[in-house]
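Enquirer: Protein chains in written order, with my numbering: chain E, 39 to 359; chain S, 633 to 1017.
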Amino acid sequence: MPDPERAVDPFQHRLQLCTGKGGVGKTTVVAALAMEAARRGYRPLVVELGHRASMSEILGAVVPIAYEPHEVRPGIWATSIESEPALTDYVASHVRVRKLAQHIAQSEALRRFTRAAPAVTEVLALHRLRALLELRDGSTPRFHPVLVDLDATGHALMFLAMPRVLDGLLADSPLQSLVQELISLLSDPALTRLHLVTLPGELPVHETIELHRELVEHHAVALGALFINAMPRDPWPDGDLDTIHQALAVARGAGLDHHADVLALLYAEAEEAALTRPRLRAMKAQIPLPCVELPARPGALNPAEIAQLGEIAGRWREAAP
Amino acid sequence: MSLADLTTGKHLVLCVGPGGVGKTTTAAALGLDAAKRGRRVLVLTVDPARRLADALGLSGLDDHEREVPVGHVLGDVPGRMSAAMLDTKASFDALIDRIAPDEVLKRRIMGNRVYQAFSRTLARSHAYVAMERLGAVLDDPKYDLCILDTPPALTALEILDAPGRLSRFLEEGILRSFTSSEPTRLGPAMKLFAALAGGHVARELAEFFEVFFQLRHGFAERAARIDVELTRASTTFLLVTSATRSALLDARRLSLDLTRRALPVGAVLVNRSYLPHPRTGHPLTDPPRIVPASGEPLTLLSEELGSTSSAETIRRMVTRGTEIWTQLAARNADRHHAGRELITALRDDGTEARLVRLPELYREARDLAALEALARQAVFEDRPA
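Structural data, given as structure tokens:
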């Protein structure tokens, strides 16, 4: 029974999208959330927009990720939304006969149009995403949660802006209902969460604050959690930087180069950590979302380590309404 | 060796690579280092995130080319450096302005809703614009080197394919099926499109196509020109990546795409590939041997420091510093290994590329001094045997 004191289950939201600047580890967070969802007995579907080599690698997929959703490792399904089959699907939803739809979708004119016109790929992806959300087995949705690895910040914003850009152009269009539905889906806090992924560095933090502002001001989208990836362990929890610096200066002066070098490295790391803490505090103050810090791990992550990150990532909570 | 060696004899350098690896900073460092050799450099970035401005100390970097104040870095060298960030809408409007034959046509296209959506908001427009701008810049006698920082693209080399795609689409046969000789009627493909996407969109699109059709020669010429430029000996592709697994995988895909187009990668720059030694700046390797971690030097240090630090505190500092050193050296070794593996993989794919390792900086490079340091600390490796 819902306990008002107890936080809300982070996997209750059916559609969860991750965005953030390139290289911050969106794919890792998506994979980690998928593993944790699977561990808790959900049936997660990972959605890639266009195939990237890294997702199957990070997930430890045993079969390739393709357009049709497959169980790529036990308990986790994945799909890659490619434009050409998505175009066939789109045409097929308007032309009943599948063969005819295929014929139309493969017509040179339409294919060249799809490749040249910028909006088409995004519309087709949104159409496909809706179809994936509508898949059911009996009365239960086939996939829950649907976890989308959005492209880097700039593209993600364009993707989210699509419905609004097209709105108004579509008065008599069959796309109108698609766009309307997606607008309400993205802004429905009961169904959707858009997570922000970042790193503790200066530029990613700065860009994440900007991204959040942009999202709040211009996009009606239900925001989820803020994930800070690759949080380093505190190099010198004692805190006192001056002490290290003094010891370093004395060692250098005394010609104890080896000691000085080691102290210089400790100082650089401790100083970096000292700059990171207030930076993250400022970000959290400006982004009022539940925040999850994911620890840095040395080297490439194996699926077991991703699953461990998932246990942490799955702990984000928002206050019960 | 320095970064400028990668641009010697080149007029066009395209930095390609996955998102978030520091492409923009690398492009700026390449530009600055070339300017130090007397080149007249333009760095063009198309990244929607405004990073280059930070690195160059130019606030409000925009669509206009601006000279970066590099005088104090260059001294007596006659080099120059400019930078611009492509604004999709501004560049598109400028393009239409250049190729539209008259005011009426220009106004019609700029007022078209599809054009507005196309030029302002949509991902792929960046690719068209970048290549367009390149066409204009390469003719500009102000510059003898253009460094293009390409946007992170979902499909690897979108940016190279965009102009050709647009001009192929604008070819007569295809476009004719979308437009019609009678303005009130839609072409057969447009009728199909109207059924799929709605009559209103179809009519706006038809108008858009009709106007673009009149501009097709301009587009085709530009696309052909860009194709020629990309294959010149004075053009080179630099693959910028970081040493993370996903970036390396994406980097290899990009290289494969380039190889398939007979546009080989000149060098692979692995950014944040090593943490430098705090004193020498060389890649950090094994920690210095401090045996034992107690004894005379520690006593000496603690005596010098007086009451502030006991020998015990200093011993803990040295121990912790050594521990961190060991971890970071291991990370350096992993990243070095990953870079070499990429080079080996590229060689298997038929590309011989030189490996260049760039340091990981504690502070994000946001001034010219930091860019200079980045260029100086580039480590060139011989091609693996």
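Just so you know, even glycine gets a beta-carbon here, dropped at the ideal spot from N, CA and C.
As the structure is a computational prediction, the values presented were derived from the model and not from experiment.
#1: Could you spell out where the alpha helix (DSSP H) holding residue 1005/S opens and where it closes?
#2: Taking Cβ positions, are residue 919/S and residue 958/S nearer each other than 7 Å?
#3: Can you name, in chain order, every residue of its own chain whose Cβ lies under 6 Å from the Cβ of residue 55/E, other than the five neighbours on each side?
#4: If distances are taken between C-alpha atoms only, which option among 993/S, 824/S and 803/S comes closest to residue 133/E?
#5: Between the stretch 102 to 111 of chain E and the stretch 656 to 665 of chain S, are three or more C-beta pairs nearer than 8 Å?
#6: State yes or no: is the beta carbon of residue 911/S nearer than 7 Å to at least one beta carbon in chain C?
#7: Would you call residue 64/E buried or exposed, if buried means 16 or more other Cβ atoms sit within 10 Å of its Cβ?
#8: Go ahead and label residue 100/E buried or exposed: buried means 16 or more other beta carbons lie within 10 angstroms of its beta carbon, across all protein chains shown.
#9: Would you say residue 348/E lies against chain S (beta-carbon separation less than 7 Å)?
#10: Exposed or buried, residue 774/S, counting other C-beta atoms within 10 Å across all chains shown (16 or more means buried)?
#11: Just grab the DSSP bridge partners of residue 869/S for me.
#12: If we cut at 7 Å on Cβ distances, does residue 103/E have a partner in chain S?
#13: Between residue 652/S and residue 59/E, how many whole angstroms is the CB-CB distance? I'm expecting something under 8 Å.
#14: Is it buried or exposed for residue 788/S, if we count other Cβ within 10 angstroms and need 16 for buried?
#15: Can you give me the start and stop residues for the beta strand (DSSP E) that residue 265/E sits inside?
#16: To the nearest angstrom, report how far apart residue 680/S and residue 674/S are at their CA atoms.
#17: Please report the straight-line C-alpha distance between residue 363/E and residue 866/S, rounded to a whole angstrom.
#18: Would you mind telling me which residues of chain E sit closer than 9 Å to residue 937/S, beta carbon to beta carbon, in chain order?
#19: Enumerate in chain order the residues of its own chain whose CB-to-CB distance from residue 729/S is below 8 Å, with the five nearest sequence positions on each side excluded.
#20: Per DSSP, residue 713/S is paired with what?
#21: Can you give me the start and stop residues for the beta strand (DSSP E) that residue 118/E sits inside?
#22: Find the residues of chain E that neighbour residue 725/S, judging by a C-beta separation of less than 8 Å, and give them in chain order.
#23: Whose C-alpha, out of 242/E, 148/E, 136/E and 198/E, is nearest the C-alpha of residue 801/S?
#24: Would residue 65/E pass as an interface residue toward chain S - the criterion being a Cβ-Cβ separation below 7 Å?
#25: Is DSSP giving residue 891/S helix, strand or coil here?
#26: By DSSP's criteria, residue 331/E is part of a beta bridge. Which residues make up the other side?
#27: Establish whether the CB of residue 905/S and some CB of chain E are separated by less than 7 Å.
#28: Skipping 5 residues on each side, what residues in its chain have a beta carbon closer than 8 Å to that of residue 344/E?
#29: Consider the Cβ of residue 968/S: report whether some Cβ of chain E lies at a distance smaller than 7 Å.
#30: If contacts are defined as beta-carbon pairs under 8 Å, then residue 184/E and residue 170/E qualify, I think. What distance do you get, rounded to the angstrom?
#31: For residue 954/S, which residues does DSSP report across the bridge?
#32: Restricting to runs no shorter than 4 residues, where is the alpha helix (DSSP H) found entirely within the stretch 220 to 292 of chain E?
#33: Comparing the C-beta of residue 273/E with each C-beta of chain S, is any distance below 7 Å?
Expert: Checking against the coordinates, here is how it stands:
#1: Where residue 1005/S is concerned, the enclosing alpha helix (DSSP H) starts and stops at 1000 to 1008.
#2: yes
#3: 186, 188 and 232
#4: 824/S
#5: No, they do not touch.
#6: You won't find chain C in this structure, because its protein chains are E and S.
#7: buried
#8: exposed
#9: no
#10: exposed
#11: 646/S and 897/S
#12: no
#13: 6 Å
#14: In this prediction, residue 788/S scores a pLDDT of 45, lower than 50, which makes its location untrustworthy; the coordinate-derived value is nonetheless stated afterwards. It counts as buried.
#15: 261 to 269
#16: Reliability of the predicted coordinates at residue 680/S is poor, the pLDDT of 49 falling under 50, and the value obtained from them is presented with this limitation in mind. If I take the Cα positions, the gap works out to 18 Å.
#17: Here chain E has residues from 39 to 359 only, and residue 363/E is not among them.
#18: 281, 284, 285 and 288
#19: 738
#20: Partner(s): 673/S.
#21: Boundaries of the beta strand (DSSP E) around residue 118/E: 114 to 119.
#22: The premise fails here: residue 725/S is roughly 16 Å from chain E at the closest Cβ pair, so nothing lies under 8 Å.
#23: Comparing Cα-Cα distances from residue 801/S to each of 242/E, 148/E, 136/E and 198/E, the minimum goes to 148/E.
#24: yes
#25: helix
#26: Residue 331/E is bridged to 266/E.
#27: no
#28: These residues qualify, in order along the chain: 66, 69, 70, 73, 96, 97 and 98.
#29: no
#30: The pair is a contact, with the Cβ atoms about 6 Å apart (cut-off 8 Å).
#31: According to DSSP, residue 954/S bridges with nothing at all.
#32: Segments of the alpha helix (DSSP H) lying fully in the stretch 220 to 292 of chain E: 240 to 256 and 279 to 291.
#33: yes
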